[in-house]
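Quick note, the sequences are listed as chains A and B, same order. The numbers in my numbering rise by one with no breaks, and the one at position 27 of the first sequence is 276. The numbers in my numbering rise by one with no breaks, and the one at position 32 of the second sequence is 205. Ideal Cβ placement from N, Cα and C applies to all residues, glycine included. The next block holds one structure in the form of structure tokens; read it before the comments.
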Amino acid sequence: MSARMEGPLPGCMAKLLLLTVAAACIAAAGAKALAADDAAQKLEEGKQLFHARCGYCHLTGGTGTIMLARRLGKDRALLEERTDLKADYIKKITRVGINGMPPHNRIEVPDSELDSIASYLTRPASARVAAGEKGGTP
Amino acid sequence: MKWELPPRVSEKTFQKALDAFAGVVGKQWVLATDEDRETFMDYYAAGDADQHVPSAAVGPQSVEEVQAIVRIANEFKVPIWPVSRGKNLGYGAAAPRMSGTVVVDLGRMNRILEVNERFGYCLIEPGVGFFDLFAYLQKNKIPLWMSIPANAWGSVVGNALERGYGYTPYGENTRNICGMEVVLPNGDLVRTGNGAMANSKSWHLFKYGFGPSWDQLFCQSNFGVCTKMGMWLMPEPEATLGLNIQLPNPDDVGWAVDELAPLRMRGVIEQSPSIGNSLRFVASRTQRSEWYTGDGALPDDVLRDILKKNNLGWWTINLRLYGYDEVNEAHARIIKEAFGRHMQQEIEVVKWHRGEPIENSGAGVPATNALQIINWRGGRGGHIGFSPVLPASSEHVLKQFHSTKKRYEDIGVDYYGSFTLFERYTTNVNMMVYDRDDAALTAKVRALFKVLVADAAKEGYSEYRTHLSYMDDVALSFDFNNHALLRLNETLKDALDPNGILAPGKQGIWPKALRAERA
Numbered sequence: 250m251s252a253r254m255e256g257p258l259p260g261c262m263a264k265l266l267l268l269t270v271a272a273a274c275i276a277a278a279g280a281k282a283l284a285a286d287d288a289a290q291k292l293e294e295g296k297q298l299f300h301a302r303c304g305y306c307h308l309t310g311g312t313g314t315i316m317l318a319r320r321l322g323k324d325r326a327l328l329e330e331r332t333d334l335k336a337d338y339i340k341k342i343t344r345v346g347i348n349g350m351p352p353h354n355r356i357e358v359p360d361s362e363l364d365s366i367a368s369y370l371t372r373p374a375s376a377r378v379a380a381g382e383k384g385g386t387p
Numbered sequence: 174m175k176w177e178l179p180p181r182v183s184e185k186t187f188q189k190a191l192d193a194f195a196g197v198v199g200k201q202w203v204l205a206t207d208e209d210r211e212t213f214m215d216y217y218a219a220g221d222a223d224q225h226v227p228s229a230a231v232g233p234q235s236v237e238e239v240q241a242i243v244r245i246a247n248e249f250k251v252p253i254w255p256v257s258r259g260k261n262l263g264y265g266a267a268a269p270r271m272s273g274t275v276v277v278d279l280g281r282m283n284r285i286l287e288v289n290e291r292f293g294y295c296l297i298e299p300g301v302g303f304f305d306l307f308a309y310l311q312k313n314k315i316p317l318w319m320s321i322p323a324n325a326w327g328s329v330v331g332n333a334l335e336r337g338y339g340y341t342p343y344g345e346n347t348r349n350i351c352g353m354e355v356v357l358p359n360g361d362l363v364r365t366g367n368g369a370m371a372n373s374k375s376w377h378l379f380k381y382g383f384g385p386s387w388d389q390l391f392c393q394s395n396f397g398v399c400t401k402m403g404m405w406l407m408p409e410p411e412a413t414l415g416l417n418i419q420l421p422n423p424d425d426v427g428w429a430v431d432e433l434a435p436l437r438m439r440g441v442i443e444q445s446p447s448i449g450n451s452l453r454f455v456a457s458r459t460q461r462s463e464w465y466t467g468d469g470a471l472p473d474d475v476l477r478d479i480l481k482k483n484n485l486g487w488w489t490i491n492l493r494l495y496g497y498d499e500v501n502e503a504h505a506r507i508i509k510e511a512f513g514r515h516m517q518q519e520i521e522v523v524k525w526h527r528g529e530p531i532e533n534s535g536a537g538v539p540a541t542n543a544l545q546i547i548n549w550r551g552g553r554g555g556h557i558g559f560s561p562v563l564p565a566s567s568e569h570v571l572k573q574f575h576s577t578k579k580r581y582e583d584i585g586v587d588y589y590g591s592f593t594l595f596e597r598y599t600t601n602v603n604m605m606v607y608d609r610d611d612a613a614l615t616a617k618v619r620a621l622f623k624v625l626v627a628d629a630a631k632e633g634y635s636e637y638r639t640h641l642s643y644m645d646d647v648a649l650s651f652d653f654n655n656h657a658l659l660r661l662n663e664t665l666k667d668a669l670d671p672n673g674i675l676a677p678g679k680q681g682i683w684p685k686a687l688r689a690e691r692a
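Printed below as a string of structure tokens:
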């Protein structure tokens, strides 16, 4: 058993490196304000924001994913793969926290960004199908 | 949660101050709803979050905005509490020492202004997180390594200002500071060290400047708001060699410290190895109820059984050597010989060479998984850290270990401690993990904390950092010549901040007008 407290679990390494790229892209994404009617691009923006603001804990191997697997089971641990989340619930939990997850204030995640993240996490089945995602069955 | 206005400030004046803040940063970045206030409170508090309730928060994006906020705070005598990213978890997070204080969240000031590969430093703003800087270095393939703490959600600048640490040879983060830009409590702007020369070519190379050196005066203090920091980064080594060591028995920590400390002081070991009780690995991956459901602290025989099942010793050391292969091998031989004098257990060796995946290198990759421990007791978990500094010798380490473990067991909390070895001292971080909704337990934890501070002070051990609620206790334990250091700090405080607006009570330093608030 590898026992290095200060290091992350091995499973999350690849996702953490992906997160670094997402974080680096976020400023550019913000600058390219997308047309309001371009749903796919808005979802992509929401995805990037989710990775940058929530990815610290909520990607594969992250601490939030591990905590959710313990509470709800592995099938419901990765927020991106969930199809049962409601936008209002996501927004409320982000602001007030839940169990081990601290609240996020409106400076680190402004309301506009939270709207975008919630839209991404509650994207319709058709968008999941279009993106070829697991769980995209209409 | 009930909130209150700052002392000396009427509701009308407070509103005027908020309006003035909004005039500087825009209405969107002045947060003053009940929900907003709660987002800046100490989420993991041991039942005392109501002692540190902010009245509002403001989010500036530039140094000019910080200066304007400080001037407004003076005009209306509204106290402000700057945070870099507000992730000082276990020590109060973003919450202020004194209720009614307005949090100034610098998270929007998140620019990486320079990374100098040749001289190995960066110049960054306080909102830059460990993940952000790591991403930047990776994306631009810059062969410089950061020093990353166990929970990396926070700010690089904030962690160095609070004297946090990581695990590489550059692990003492406050030691890496080289030149800051600081907004003073009167709104003036200074640059420390050689940055005081406007066209200096060595702001982030030479720490001391000319005359008094100020960088450390802005650490763990309330003398200024750091808006930029120069920080040394470590050149990527040619190779690393890790030694993962399991110590079988509780008292092995004594001889291990005596063997390792001289090697650390002589530079055979350049990083600061952490000797931690192995329960922390079990606690980060499982819950207590999976192992034990009885009353009181985990009994020693149950713990033995848990460790055996997980193939762990009582203590674990993850030591790492950085540099040329041949040198690492020679140093590893010396370390193995030292341990071989006391134990037969095999030492796991992990090697990395430049070009291989960084996650195996000992460079540190940012993660938040250390937070898993708060689930140990079940319910809504929280944690707080008691962290005295001891001489790096078995005499002190064993005495403190047994005394703390006994105190934990007296209130039914599982012992969770580590000794991180620096050249001459060791920082003994003791975590207390609790269910925040267990009022009886959190009350015991709060009482225990004060006992631990008093125990340590009696032995001549001071804390390197502490939670908001115990800043006064720890500050008062520095009692030479009837607290002469506190008098000096408060003389300086009153000179720099006559209106007492900047972080009143931080590290037990109170401005003249608010000294009645001292606990």
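Cα-Cα separation, residue i to residue j
i      : j      : result
B/F303 : B/T541 : 11 angstroms
B/P180 : B/F187 : 11 angstroms
A/L283 : A/D364 : Unreliable placement is indicated for A/L283, whose pLDDT of 46 sits below 50; the coordinate value is still reported in the next sentence. Rounded to the nearest angstrom, the two C-alpha atoms are 15 angstroms apart.
B/D209 : B/K509 : 54 angstroms
B/L659 : B/L687 : 15 angstroms
B/E519 : B/P421 : 11 angstroms
B/W176 : A/P352 : 18 angstroms
B/K512 : A/A318 : Position check: residue 512 of chain B holds Phe in this sequence, whereas Lys was assumed. Between B/F512 and A/A318, the C-alpha separation is close to 39 angstroms.
B/H575 : B/G427 : 11 angstroms
B/G344 : B/G585 : 33 angstroms
B/A429 : B/L492 : 12 angstroms
A/A280 : A/E294 : Model confidence at A/A280 stands at a pLDDT of 45, short of 50, so the residue's coordinates are unreliable and nothing is read from them.
B/K679 : B/K685 : 14 angstroms
A/K296 : B/Y581 : 44 angstroms
B/I297 : B/W202 : 22 angstroms
B/A323 : B/N548 : 16 angstroms
B/S567 : B/L433 : 11 angstroms
A/V270 : B/P539 : No answer about A/V270 holds up, because its pLDDT of 44 lies below 50 and its placement is not dependable.
B/G583 : A/A326 : The sequence as given places Asp at residue 583 of chain B; Gly does not occur at that position. Roughly 37 angstroms separates the two Cα atoms.
B/V134 : B/H656 : Chain B is shown from 174 up to 692; residue 134 of chain B falls before or after that span and cannot be answered.
B/K481 : A/L308 : 31 angstroms
B/T365 : B/G384 : 11 angstroms
B/E184 : B/A190 : 10 angstroms
B/E248 : B/E463 : 57 angstroms
B/V398 : B/G331 : 11 angstroms
B/A193 : B/Q224 : 27 angstroms
Check whether residue i and residue j have beta carbons under 8 angstroms apart
i      : j      : result
B/I490 : B/I448 : yes
B/N213 : B/G259 : Per the sequence presented here, residue 213 of chain B reads as Phe, with Asn not at that position. Going by C-beta atoms, B/F213 is nearer than 8 angstroms to B/G259.
B/P564 : B/N601 : no
A/R320 : A/V358 : no
A/M350 : A/G322 : no
B/I507 : B/V441 : yes
B/G528 : B/P410 : no
Partners in chain B for residue i, counting only beta-carbon separations shorter than 7 angstroms
i      : result
A/P352 : E211, T212 and Y216
A/I315 : Q545
A/T312 : T541, N542, L544 and Q545
A/C306 : T541
A/G349 : L544, I547, N548 and G554
Closer than 8 angstroms at the beta carbon, the chain A residues around residue i
i      : result
B/W202 : I356
B/R281 : I356
B/A241 : Under the 8 angstroms cutoff, chain A gives no residues; its nearest Cβ is about 17 angstroms from B/A241.
B/D278 : N354, I356 and E357
Partners in chain B for residue i, counting only beta-carbon separations shorter than 9 angstroms
i      : result
A/R344 : E208, D209, E211 and T212
Proximal chain E residues relative to residue i, where beta-carbon distance stays under 8 angstroms
i      : result
B/A230 : The chain inventory of the structure shown lacks chain E, comprising the protein chains A and B.
**OP:** Evaluate contact between the segment 277-291 of chain B and the segment 664-674 of chain B, counting only Cβ atoms and requiring at least three cross-stretch pairs below 8 angstroms.
**Re:** no
Subject >> Ordered list of alpha helix (DSSP H) runs contained in the segment 293-351 of chain B, each at least 4 residues >> reply: 303-312 and 329-334
Original post:
Touching or not, the segment 315-328 of chain B and the segment 400-409 of chain B, by the rule of three or more beta carbon pairs under 8 angstroms?
Top reply: yes
**OP:** Kindly confirm or deny that the segment 585-599 of chain B and the segment 668-679 of chain B touch, where touching means at least three C-beta pairs closer than 8 angstroms.
**Re:** no
Subject >> Any beta strand (DSSP E) of 3 or more consecutive residues that is wholly inside the segment 195-245 of chain B >> reply: 229-231
Original post:
Is it a yes or a no for the segment 347-365 of chain B touching the segment 236-244 of chain B, going by three-plus beta-carbon pairs under 8 angstroms?
Top reply: yes
**OP:** Counting only runs of 4+ residues fully inside the segment 581-648 of chain B, write out the alpha helix (DSSP H) ranges in chain order.
**Re:** 612-632
Original post:
Can we say the segment 365-385 of chain B touches the segment 318-335 of chain B, given the rule of at least three CB pairs closer than 8 angstroms?
Top reply: no
Original post:
Do the segment 268-281 of chain B and the segment 219-234 of chain B touch if we need at least three Cβ pairs shorter than 8 angstroms?
Top reply: yes
**OP:** Starting from the N-terminal side, write out each stretch of the alpha helix (DSSP H) that is 4 residues or longer and does not extend beyond the segment 468-555 of chain B.
**Re:** 473-482 and 498-513
Original post:
Counting Cβ pairs, one atom from each stretch, are 3 or more of them under 8 angstroms apart for the segment 385-401 of chain B and the segment 338-352 of chain B?
Top reply: yes
**OP:** Kindly provide the ranges of any beta strand (DSSP E) runs that are 3 or more residues long and lie completely inside the segment 377-464 of chain B, ordered along the chain.
**Re:** 398-405, 412-420 and 447-450
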